[in-house]
Amino acid sequence: MAKQSAPVKKNQTVTLQFEDLTHEGSGVGKINGYPLFVPYALPGEVGEVKVIKVKKNFGFGKLLKVTESSPERVEPPCDVFYTCGGCQLQHMSYDMQLEMKQNQVKNAMRKIARLEHVPVHPIIRMEDPWRYRNKVQMPVGEKDDGELITGFYQKRSHRIIEGMETCNIQDEVNDRMVEAVRRIADRLGIPAYDEQNDTGVLRHIVVRTGEVTKDTMIVIITRTPDLLHQEELIKELIQTYPHIKSIVHNINDRKTNSIWGKKSKTIWGEDYIYDQIGDIKFAISAKSFYQVNPPQTKKLYDKALAYAKISSYDTVVDAYCGIGTISLFMAQEARKVYGVEVVPEAVDDAKKNAKLNRITNAEFYVGEAEKVMPWWTAQGLRPDVIVVDPPRKGCDEELLKAMIDMEPKRIVYVSCNPSTLARDLGILEDGGYATQEVQPVDMFPQTHHVECVAQIQSKL
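Position 371, counted from 1, in the sequence shown is what full-length UniProt numbering calls 371; the numbers after and before it change by one each time, with no gaps.
Okay, structure coming up:
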């Protein structure tokens, strides 16, 4: 039987009607049933497309011109949106973004978890879906004349976008602080890191700002153990910007794509800045994992707390507890909370945060959750509720088994990846648990990412 070829060829220009979106926000159009995925195209539109890649069952295209536009298409407010890889959805209305994310979660529940009848509630939207990120990590480079530049990388490259004055999803204070460090460092003659030759000094500028407190921490990441002109740089920053509470120097002397090095030292001010979510105050160090969108985090954690249905007699285990954000929310209602986290510095921060909030019924332990939890089970610990908030790759099967073996009445699963959430829910369902409902939350407007919280109940 002759092998069937794709109905299009590379570099061919075609007219395409778009009917759907991928989970990353690309438009989907078909030619004789053969799908082409095209960034920046919207359902209901017709456009001219250049075919750039052809595979057996699908291909990829570049949108050359929109000939029939969707009413959901909007003008991106960002000058570098089509160059920068940070946001993917600024060209679509906020309502369409939310609908896309809602469908992404529903499809994952249906196709991956096979949970057709589990309610996926309408996504919790953000009142103002701009300027929400409280942390920025900005690479530093040089123009041909040696002038320092800062900006995000162009898509699929390590070339810094020049002329990037602002980022519309970053806190404006962070924008100004990156610009201030760049301007002062440029005047003092501190050279940027050269990635190809592994020379130079200044690699990244990281800024964190408390949403409630407005405290700011600046982290300057260099290749060298010493920060050139350190005293002058500090003096000018703190004299001009009194809201700066901490300046940290991080040393990354490896030839690597990783932003952070292993050594950090506070060169001015405090080791921590503070912020607040609801009634809980958090001390945040340079490397702390802390959600980048605190107003939406409050909505997410309130939902997690509601799903946990904690009474004052209940014991809670928080796997992947980080700096204790969810644990301390749960501790307000529970008899006892046990948190486990593999990063020792995060556990130190969690203990500090418990002390800061005068919470005495939360304990935190260093270790891999999939190893610590079976040991707890062997000691007779039987939690009423387990809360888990894993990274994008989801939970290891070992951890899911450890959770099932603990026999909690309820599991609350917070996820930043609907696909791995759905996969893990399938395993928990086979282990004697039933998914009750899923609540998506828009934590990252203008991007294709979506956060979810799922309520899971023992079938016993």
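Glycine included, every Cβ here is placed at the ideal spot set by N, Cα and C.
When C-beta atoms of the stretch 182 to 190 are compared with those of the stretch 100 to 118, fewer than three pairs fall below 8 Å, so the two segments do not count as touching.
Between M126 and Q296, the beta carbon gap of about 6 Å places them in contact (Cβ cut-off 8 Å).
When DSSP reads this structure, L36 sits in a beta bridge with G29 and G59. With a threshold of 16 other beta carbon atoms within 10 Å, R114 falls short and is exposed.
G380 and S312 have their C-alpha atoms spaced approximately 20 Å apart. Scanning the stretch 390 to 451 from its first residue to its last, the whole alpha helix (DSSP H) runs of 4-plus residues come out as 397 to 406 and 418 to 430. Under the Cβ criterion (8 Å, minimum of three pairs), the stretch 273 to 287 does not count as touching the stretch 381 to 393. Listed as beta-bridge partners of Q239 by DSSP are no residues whatsoever.
In the structure shown, the three-state DSSP call for W130 is coil. By a beta-carbon distance limit of 8 Å, D79 does not contact R131. Their separation comes to about 16 Å. With fewer than 16 other beta carbons inside 10 angstroms of its own, A378 counts as exposed. Runs of the beta strand (DSSP E) lying entirely within the stretch 328 to 390, each at least 3 residues long, are 336 to 341, 362 to 366 and 385 to 388 in chain order. Excluding sequence positions up to five before and after E363, its CB lies within less than 6 Å of the CB of Y338, all in the same chain and listed in chain order. According to the DSSP assignment, Q276 belongs to the beta strand (DSSP E) that extends over I273 to I277. Within 10 angstroms of the beta-carbon of A306 lie fewer than 16 other beta-carbons, which makes it exposed. Residue burial annotation: E341 is buried, with at least 16 other C-beta atoms found within 10 angstroms of its C-beta.
Counting the other Cβ atoms within 10 Å of the Cβ of E19 gives fewer than 16, which makes it exposed. When DSSP assignments are scanned along the stretch 88 to 113, the uninterrupted stretches of alpha helix (DSSP H) that are 4 or more residues long and fall wholly within it turn out to be 94 to 111. Short of 8 Å from the beta carbon of V453, and not among the five residues preceding or following it, lie these beta carbons of its own chain, in chain order: L300, K303, A304, Y307, V412, Y413, V414, S415, V438, Q439 and V441. By the CB criterion at 8 Å, V51 and V8 fall inside the cutoff.
A check of alpha carbon separations from D318 across N293, D275 and E368 identifies E368 as the nearest. Across the structure, G163 and G151 are spaced so that their CA atoms are roughly 8 Å apart. When DSSP reads this structure, T266 sits in a beta bridge with V248. Under the rule that a run must span 3 or more residues, the beta strand (DSSP E) segments found entirely inside the stretch 188 to 217 read 202 to 209. DSSP, reduced to helix, strand and coil, places L148 within a strand of the structure shown.
Look at L42 here: in three-state DSSP terms it is coil, with no helix or strand label. In the DSSP assignment, the residues bridged to S458 are Y433. E48 is the residue among K55, L228, E48 and E232 whose C-alpha sits nearest the C-alpha of T67. In the DSSP assignment, T297 falls within the alpha helix (DSSP H) that extends over P294 to A308. Distances from the alpha-carbon of R410 to those of N417, G426, Q436 and C395 put Q436 closest. Judged by DSSP in its simplified three-state form, R73 adopts strand.
The residue among N11, V201, I112 and G146 with its C-alpha nearest the C-alpha of A422 is I112. Nearest to D271 by alpha-carbon distance, out of K263, G261, S246 and Y290, is S246.
Taking a cut-off of 8 Å for Cβ pairs, the stretch 258 to 271 and the stretch 396 to 409 do not touch, as fewer than three such pairs fall below it. Here D396 really is in contact with E370; their C-beta atoms are around 5 Å apart, less than 8 Å.
Beta-bridge pairing by DSSP links M138 to I205.
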